[in-house]
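Peer 1: This is the structure I have questions about; it appears just below.
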Amino acid sequence: MKTNTQAGLTLLEVLASIVIVGLIVTTFFGFFSQSMLFSSKNEENLQAINIARKILVVVQEAKVSDLDRLDNDTKSEIGIKNDDPSLPYYIEDKKNNKYYVKVEPILDKATYSLTPISVQVSTTPFEDENAKITETFGYVKGVAHE
Numbered sequence: 013m014k015t016n017t018q019a020g021l022t023l024l025e026v027l028a029s030i031v032i033v034g035l036i037v038t039t040f041f042g043f044f045s046q047s048m049l050f051s052s053k054n055e056e057n058l059q060a061i062n063i064a065r066k067i068l069v070v071v072q073e074a075k076v077s078d079l080d081r082l083d084n085d086t087k088s089e090i091g092i093k094n095d096d097p098s099l100p101y102y103i104e105d106k107k108n109n110k111y112y113v114k115v116e117p118i119l120d121k122a123t124y125s126l127t128p129i130s131v132q133v134s135t136t137p138f139e140d141e142n143a144k145i146t147e148t149f150g151y152v153k154g155v156a157h158e
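Counting from 13, one number per residue, gives the positions in the sequence shown under the numbering used here.
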């Protein structure tokens, strides 16, 4: 009477383990690609928020209610450009992504000494209302209302 004393895995067990490991690895790759996409989108939003805050501070310090009234030195100092007058101003980041900027006074809420303003930032030239990534609000002191 012979007994089988060989220890080992059958071909079926090896194939099953390869399939299970393949499913687990595929799931992890899907997770990492989604997290990279999310991280990229989050970086774009954060960049837009920082640009909006930077523009708000510059406009408040210059005491103007829109970007057209900024002097050219200030515009070049903070990197505001406008190659095409039919498009809004834009700022390029280090990766050459364009962020379009729009500053508008909110005249229906203006008082004698304070003018509320809206600073909007988008990656497209504001063709539609849903184009903006972020918007921030502030007040400009001592702006004449027209």
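The beta carbon of each residue, even a glycine, is placed where N, CA and C say it ideally should be. All of these numbers come straight from a predicted model, not from anything done at the bench.
Contact check, Thr148 vs Leu68 under 8 Å by CB: the rounded distance?
Peer 2: 6 Å
Peer 1: Please give me, in chain order, every unbroken run of the beta strand (DSSP E) with length at least 3 that falls completely inside the region 52-127.
Peer 2: As summarised for the region 52-127, the continuous beta strand (DSSP E) elements at least 3 residues long and confined to that stretch are 101-104, 110-117, given in chain order.
Peer 1: Buried or exposed, going by whether 16 or more other CB atoms sit within 10 Å of the CB of Ile36?
Peer 2: exposed
Peer 1: For the beta strand (DSSP E) that Gly150 lies in, which residues bound it at each end?
Peer 2: 144-153
Peer 1: At the level of alpha carbons, what is the spacing between Asp95 and Ile103?
Peer 2: 11 Å
Peer 1: Compare the C-alpha of Ile145 against each of Ser125, Glu116, Ile30, Ile63 and name the closest.
Peer 2: Ile63
Peer 1: Between Val113 and Ser29, what straight-line distance do the alpha-carbon atoms span, to the nearest angstrom?
Peer 2: Cα to Cα, the separation comes out at about 55 Å.
Peer 1: Excluding sequence positions up to five away, which residues of its chain have a Cβ less than 6 Å from the Cβ of Gln132?
Peer 2: Lys114, Lys144, Glu147
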